[in-house]
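Residue numbers (the working numbering), protein chains in the order written: chain A, 1 to 288; chain B, 1001 to 1138; chain C, 2001 to 2351. Written below as structure tokens is the structure these notes are about.
This is the structure in structure tokens:
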């Protein structure tokens, strides 16, 4: 089965036009033209006439769930979601940042999305092994079947084979590259704190200057804050101008959380996020 | 000179801290390497405390709380259990020796256990040697 | 005076410069090239398009220590950090980035208040400009030509370099460059053919078009002033903006910084660290009030600062069209498209 990006784009336009025309929603979060074909942008359609600017191609990998928390509560929003993005929406619903009834989810079943910087296909790395949205109201296209399902954790193999010295050296080198532009937290649909802990001055958790220790503090704490919530969209790694493979650490933590608490992030709106929940019979073994 | 590790203890007010008191009043001997900070509940512990402690030169961090089910606030340590399990994983994944961070449930009546845990943990940290990976060098 | 050497002699040239002082040149790193101090002469190769972080970091590093102090002690014991600079050679700077130094000079030394750190570094540094390779297709993100900068514009460089296959031609532009070149023995004199090639290349650089044709600074400044209060326009423009700091950190003409006192136990350092107008806490006041809480206000500040206030105050656009902000923007916001949309002038032609 081959994905027709053009067909998805047409359906996206039709649905967006209808929803805006019937005033079911006040805005549609979708993708629009960028400065060239390979660089589309997130786009907000507010009027039926805006809809013509919507595009969809293999480079549209931005997670639009990131923009949901920007609008006042109660705004009716239609949002185009791919597999990982729909998990982000579910996670935001679990955390009561958005309400299910305010959203119209335009599900996009898709594979073969590409990173605009490297042009490599990102499926195995950051789609959580899913091709179909977990939650949607309208599906734009047919569900993807028959595509080889890759475990989202396969890419961890090389990292997992490192011993602790190698792991430390690996992350030290990566974190030392960090210039603290905070693109990772800003691209993340789950990072909505205001202020972020690293911007706090009382207490001051980490220095503003991009030195190893501040960088380590920022990234480790961010990994902790995303534990059990990261939905594996990979936007943090793609947003990074110096290519720190943040997704590896996030995935590793997500894998550990799944093993320990038996629950993956953003799979059902009935769930509670793993770290604001407990079971009396949680094992003490994980602390050993 | 032999290596005397600096160990940060974070103890919950109701169980572990009282347990430590008991260890003291019953004149139990345990190494002096532990510096205890009292918090009201193990779920008060922000994981950043632990990262920061390692950055400021702690060789080990020991967290003590009530036994699950005995929390003074009913469920505090049940949340803490999950949270600290993740902290432990994150420290391990980043390449720090996992033996440097330990969580123990010690009740107010377990002065013995407190002394034993501290003795054992201090020995373990001595074996691991000084913690230099996270420590901020000046 | 045009000199030449061959590309395989580049390590020798690098070694000669390293003997005289510090050599800073683009090095390949995981994500792309960046200007770094060279430790091994073999690291220098000139096969790069442009760096991720702009070369402004050579004069205005992301982190600069000013004063070291100890808490609990008298302020009189605090010691200023001295700059001990060796002669520095900034090697392989693209013409648009060279231009950015002149714009930055306005702020760091041109208005009467001189920043000694910037000034000392500027004085200690000899700039080796390096023409873009006009045989490769223009990067879609770049628009330096639009702002009147040629792809091979020697203005601002001390020594300007053009590469022709295996030959690297070096032309002395300033007395500073001349003094340096006199001390280098092995670049040989170029032939008449090569001198012609060099001059032609520089002339051709002005016709090497990147995206648009020309700008009218007055019209841009005026248009931005007239739409300042049009929040609908700015909201629409900033719909995609994540409000991260990538664009400002990679920009060669962004110069905002924060003075931080960073203390560890009793040892403290007062240092200057890059800041970005796109951060929420950039304008946060001590009272807790924040005049720019919305993304559109922050993006408007960034664009208007470069394309409106700066024109009004100093007469030039604070942008050199290097395209870094567009290239590294996580959501592909193109600053010049914003200008284009604001001005709505017909003379902007997409090539």
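Note that the Cβ used here is the ideal one computed from N, Cα and C, for glycine as well. Here the structure is a predicted model, which means the values were calculated and not measured.
Across the set A:270, A:31, A:8 and A:286, the C-alpha of A:286 shows the shortest separation from the C-alpha of residue 258 of chain A. Here DSSP, grouped into helix, strand and coil, assigns residue 2063 of chain C to strand. Distances from the CA of residue 31 of chain A to each of A:49, A:196 and A:62 were compared; the closest alpha carbon is that of A:62. For residue 2033 of chain C, DSSP records a beta bridge to C:2028. Distance from the Cα of residue 2333 of chain C is smallest, within the candidate group A:85, A:7 and A:39, for A:39. Between residue 2021 of chain C and residue 2120 of chain C, the C-beta gap is not smaller than 7 Å, which leaves the two residues out of contact. Contact between the region 2249-2265 of chain C and the region 2181-2200 of chain C is absent, with fewer than three C-beta pairs closer than 8 Å. Taking C-beta atoms under 8 Å as the contact rule, residue 2131 of chain C and residue 2162 of chain C qualify, at a distance of about 5 Å.
Cβ neighbours of residue 2049 of chain C within its own chain (closer than 7 Å, five residues either side excluded): 2139.
Contacts between residue 2039 of chain C and chain A, judged by CB atoms closer than 8 Å, are missing: the closest CB pair is about 16 Å apart. In this chain, the beta strand (DSSP E) harbouring residue 2260 of chain C covers 2257-2264.
For residue 227 of chain A, the C-beta contacts it makes with chain B under 7 Å involve 1086, in order along the chain.
For residue 2288 of chain C, not one C-beta of chain A is nearer than 7 Å to its own C-beta. Those residues of the region 157-168 of chain A placed with their C-beta closer than 8 Å to a C-beta in chain C do not exist. Under the three-pair Cβ rule at 8 Å, the region 2146-2166 of chain C does not count as touching the region 1108-1127 of chain B. Residue 1077 of chain B counts as buried, since at least 16 other C-beta atoms from the protein chains shown sit within 10 angstroms of its C-beta. By the Cβ neighbour-count rule, residue 2330 of chain C is buried, with 16 or more other Cβ atoms within 10 Å of its own.
For the region 1041-1057 of chain B, residues whose beta-carbon sits nearer than 8 Å to a beta-carbon of chain A comprise 1047, 1048, 1051, 1052 and 1055. Distance between residue 2297 of chain C and residue 2344 of chain C, taken at the CA atoms: about 21 Å. With 16 or more other Cβ atoms from the protein chains shown falling within 10 Å of its own Cβ, residue 1101 of chain B counts as buried.
Secondary structure remark: continuous beta strand (DSSP E) runs of at least 3 residues inside the region 140-215 of chain A: none found. Counted as a single uninterrupted DSSP element, the stretch harbouring residue 1037 of chain B is not any alpha helix (DSSP H) but the beta strand (DSSP E) occupying residues 1034-1039. Each residue's CA atom was taken as its position, placing residue 50 of chain A and residue 260 of chain A some 46 Å apart.
For residue 1024 of chain B, the enclosing alpha helix (DSSP H) has its first and last residue at 1016-1025. Within the region 36-48 of chain A, those residues whose Cβ lies closer than 9 Å to any Cβ of chain C are, in chain order, 36, 38, 39, 40, 41, 42, 43, 44 and 46.
DSSP links residue 2227 of chain C through a beta bridge to no other residue. Minimum Cα-Cα distance from residue 2149 of chain C among the listed residues C:2105, C:2135 and C:2316 corresponds to C:2316. Residue 2267 of chain C and residue 2070 of chain C have their alpha carbons spaced roughly 5 Å apart. Around the Cβ of residue 1037 of chain B, a 10 Å sphere holds fewer than 16 other Cβ atoms; the residue is exposed. Using a C-beta cut-off of 8 Å, the region 78-87 of chain A makes contact with the region 97-104 of chain A, since at least three inter-stretch Cβ pairs fall below that distance. No Cβ of chain B is located within less than 7 Å of the beta carbon of residue 78 of chain A. Checking the DSSP bridge columns, you'll see residue 1012 of chain B partnered with B:1039. Around the beta carbon of residue 2228 of chain C, fewer than 16 other beta carbons sit within 10 angstroms, so the residue counts as exposed. In this structure, residue 2327 of chain C sits away from residue 2031 of chain C, with a CB-CB distance that is not shorter than 7 Å. In this structure, residue 253 of chain A and residue 1090 of chain B form a Cβ contact; the two beta carbons are roughly 6 Å apart against a cut-off of 8 Å. Counting C-beta pairs closer than 8 Å gives fewer than three between the region 1047-1064 of chain B and the region 2014-2029 of chain C, which falls short of the contact rule.
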